[in-house]
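Q: Under UniProt numbering, the sequence shown has 225 at position 225, and the numbering climbs by one with no breaks.
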Amino acid sequence: MNAHTLRHALEAIVGPAGIVCDPERMASYLSDWRNAYRGKAALVVRPATTGEVAAVVRLCHEQRIAVVPQGGNTGLCGGSIPDDSGTQVVLSLTRMNRIREIDTANETITVEAGVVLQALQKAAAGTGRLFPLSLGAEGSCTVGGNLATNAGGTAVLRYGNMRDLTLGLEVVLPDGRIWNGLRGLRKDNTGYDLKQLFIGSEGTLGIITAAVLKLYPAVRSTTTAWVALPSAQAAVELIGIIRGLCGDRLTGFELMSRQSVEFVLSHVAGCSDPFAEPHPWYVLIELNDTQPDAPLNQVLEVGIAEALERELVIDAVLAQSEAQVSALWAMREGISEAQNHEGPSLKHDISVPVSSIPAFIEAVNQRLLEQFPGVRIVAYGHVGDGNLHYNVSKPIGSEDAAFKARQEAIMRVIYDVTMDLHGSISAEHGLGQAKRAAAKHYKDPLELELMRVLKETFDPKGLMNPGKVL
Ligand code: FAD
Ligand code: 2HG
Ligand code: ZN
Numbered sequence: 001m002n003a004h005t006l007r008h009a010l011e012a013i014v015g016p017a018g019i020v021c022d023p024e025r026m027a028s029y030l031s032d033w034r035n036a037y038r039g040k041a042a043l044v045v046r047p048a049t050t051g052e053v054a055a056v057v058r059l060c061h062e063q064r065i066a067v068v069p070q071g072g073n074t075g076l077c078g079g080s081i082p083d084d085s086g087t088q089v090v091l092s093l094t095r096m097n098r099i100r101e102i103d104t105a106n107e108t109i110t111v112e113a114g115v116v117l118q119a120l121q122k123a124a125a126g127t128g129r130l131f132p133l134s135l136g137a138e139g140s141c142t143v144g145g146n147l148a149t150n151a152g153g154t155a156v157l158r159y160g161n162m163r164d165l166t167l168g169l170e171v172v173l174p175d176g177r178i179w180n181g182l183r184g185l186r187k188d189n190t191g192y193d194l195k196q197l198f199i200g201s202e203g204t205l206g207i208i209t210a211a212v213l214k215l216y217p218a219v220r221s222t223t224t225a226w227v228a229l230p231s232a233q234a235a236v237e238l239i240g241i242i243r244g245l246c247g248d249r250l251t252g253f254e255l256m257s258r259q260s261v262e263f264v265l266s267h268v269a270g271c272s273d274p275f276a277e278p279h280p281w282y283v284l285i286e287l288n289d290t291q292p293d294a295p296l297n298q299v300l301e302v303g304i305a306e307a308l309e310r311e312l313v314i315d316a317v318l319a320q321s322e323a324q325v326s327a328l329w330a331m332r333e334g335i336s337e338a339q340n341h342e343g344p345s346l347k348h349d350i351s352v353p354v355s356s357i358p359a360f361i362e363a364v365n366q367r368l369l370e371q372f373p374g375v376r377i378v379a380y381g382h383v384g385d386g387n388l389h390y391n392v393s394k395p396i397g398s399e400d401a402a403f404k405a406r407q408e409a410i411m412r413v414i415y416d417v418t419m420d421l422h423g424s425i426s427a428e429h430g431l432g433q434a435k436r437a438a439a440k441h442y443k444d445p446l447e448l449e450l451m452r453v454l455k456e457t458f459d460p461k462g463l464m465n466p467g468k469v470l
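See the structure below:
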């Protein structure tokens, strides 16, 4: 089928509003927001219903055309970007943006894959409930992308990641059949849990078109603190103290190195250092409660007082207003963007057991600075989940190209230590195209073999997001 015939066949399914084929309008679908990944496509198709997705996928299956699912295109591993053959079809889910049902008695919400995370949060809030997934890209990323990457974010400590928040899925399979698994059941032991195969599969097993997600009671009290620490080890001890006092009211515990904060102070408008002096490490702590006027400040103050006594904390401020809460979170959420202003950011989204975080940082810092003098280490992240974004920026004054040439060697140092500490080379961003080769190198061969068996079973023609994950 030539490009002209393909366009007409797809247009007959989705109508003219569902086709993007002029180069200017296609551009935003063909590269990511950092411009780190770029591709070409035959065209972009934007179906508006599950039936249309199924018909598009069926046609592509018959014609052996590869399909690249795309949501908000905020992913950090190039998973939603086509290759450079110009033959693949990008299937954007953004027109599938309906909230299908809110069942308050069952505490569930059924949404289509193209619903933007922030719109989902607002719909939940409108019923006095919470949808807890929260991340920096929430104004643009979609539920389908969150599911396909098993997104994490800043509230995983209390509520879990996307896997934990999902009860049912509707999926268009690679041959165009529709699997209706939209069940809102909290208990269902009728064999293998198929939805979990699609969650985190990054569009390689099928296209998620809708989901039944869990709702939680709205948060009515919040306390937020910005705390300076002498070391990462102190952060690990502090989280133990705070969790012991607060239990699951501890919602966020985000670690940031001084370098991370300095980048934000230099590049993100309106941010200012809460302390007069610089300190080696910071954590942003958030406690939530469903009770109004819960005494969270007092509990946190008790924890911080104990930590001060044990010299685990240097200084701390508790936010006194909504504006201060937002300002502290803006510092944390601004790191990713701020780092882009300092040249290429080599991203390493690793996890190790929480207890191994200090050993990880010490070993990698030492090896990197020995082997690559002057590199700037931007280590931060969801330390309560054992998840660090151990990103690296080039030495001041050096060339981007020279730095990028060292990418592989830098990555090896970081991933070798990660594996020594029984960790993972992707905690929450997935593999996409960025970490496909690394996964082949570092993942257990038996696990890879089983993944390949699954891929071949679901997608024997290899048409679903080829070149990603495996
Ligand atoms: P896309 O980028 O469009 O796609 C991501 C992957 O999912 C691709 O492989 C794509 O093919 C596949 N896909 C998309 N939709 C579907 C579908 N309907 N069916 C099947 N496959 C599909 N991630 C975190 O986990 N935690 C964070 O804290 C976090 N913070 C971020 C902060 C910033 C500033 C940015 C830019 C990104 C951040 N991310 C984070 C990464 C990203 O936002 C998430 O991975 C998000 O879940 C991707 O959603 P998306 O709709 O943009 O997906
Ligand atoms: C975060 O936690 C995101 O801010 C983005 O996962 C991390 O840009 C990154 O490396
Ligand atoms: Zn993150």
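Built from N, CA and C at the ideal position, the CB exists for glycine as well.
Confirm, please, whether the CB-CB distance from G153 to A113 is below 8 Å.
A: no
Q: Please report the distance separating the alpha-carbon of P274 from that of W226.
A: 8 Å
Q: Is Q121 near the ligand FAD, in the sense that its beta carbon is under 7 Å from a heavy atom of that ligand?
A: no
Q: Can G381 be considered in contact with the ligand ZN, in the sense that its beta carbon sits closer than 7 Å to one or more heavy atoms?
A: Yes, the beta carbon of G381 sits closer than 7 Å to at least one heavy atom of the ligand ZN.
Q: My guess is that V90 and V68 are in contact by the Cβ rule of under 8 Å, so how many angstroms apart are they, rounded?
A: 5 Å
Q: So the candidates are A439, K443, L421; which of them puts its Cα closest to the Cα of G467?
A: A439
Q: Pick from A235, A338, L296: whose alpha carbon is nearest that of A319?
A: L296
Q: Return the CA-CA distance between L354 and P344, expressed in angstroms with no decimal places.
A: Position check: residue 354 holds Val in this sequence, whereas Leu was assumed. One C-alpha to the other measures close to 28 Å.
Q: Comparing C-alpha positions only, which one of G252, A330, A323, P358 sits nearest to V261?
A: A330
Q: Using 8 Å as the cut-off, can you tell me whether the segment 122-130 makes contact with the segment 52-68, which would need three or more C-beta pairs spanning the two stretches below that distance?
A: The segment 122-130 is not in contact with the segment 52-68.
Q: Kindly provide the ranges of any beta strand (DSSP E) runs that are 3 or more residues long and lie completely inside the segment 219-304, ordered along the chain.
A: Taken in chain order, the unbroken stretches of beta strand (DSSP E) that lie wholly in the segment 219-304 and span 3 residues or more are 221-229, 250-257, 281-289.
Q: Between the C-alpha atoms of G160 and R249, what's the straight-line distance to the nearest angstrom?
A: 13 Å
Q: Taking 7 Å as the cut-off, is the CB of G75 close to at least one heavy atom of the ligand FAD?
A: yes
Q: Is there contact here, the segment 73-88 with the segment 33-46, by at least three beta-carbon pairs under 8 Å?
A: Touching, yes.
Q: If you draw a straight line from the alpha carbon of G136 to that of K461, how long is it in whole angstroms?
A: 36 Å
Q: Given a threshold of 16 other Cβ atoms within 10 Å of its Cβ, counted over all protein chains shown, does S321 qualify as buried or as exposed?
A: exposed
Q: Nearest by alpha-carbon distance to A294: which of L117, R220, R367, V53 is it?
A: R220
Q: Alpha carbon to alpha carbon, how far is L368 from L284? Give it in angstroms, no decimals.
A: 26 Å
Q: With a threshold of 16 other CB atoms inside 10 Å of the CB of I396, please say whether the residue is buried or exposed.
A: exposed
Q: With which residues is S393 paired in a DSSP beta bridge?
A: S393 is bridged to R376.
Q: What would DSSP say about M26, mapped onto helix, strand or coil?
A: helix
Q: So, are the CB atoms of V325 and T251 less than 8 Å apart?
A: It is not a contact, given that the beta carbons lie outside the stated cut-off.
Q: For S424, which of helix, strand or coil comes out of DSSP?
A: strand
Q: Rounded to whole angstroms, how far is the Cβ of T142 from the Cβ of L93, which I believe are closer than 8 Å?
A: That pair is a contact at about 6 Å.
Q: Which one or two residues does DSSP pair with K347 in a beta bridge?
A: Answer is none; K347 lacks a bridge partner.
Q: What's the C-alpha gap between V352 and L255?
A: A direct Cα-Cα distance of roughly 14 Å separates V352 from L255.
Q: According to DSSP, is residue 477 helix, strand or coil?
A: For residue 477 there is no data in the structure shown, the boundaries of the chain being 1 and 470.
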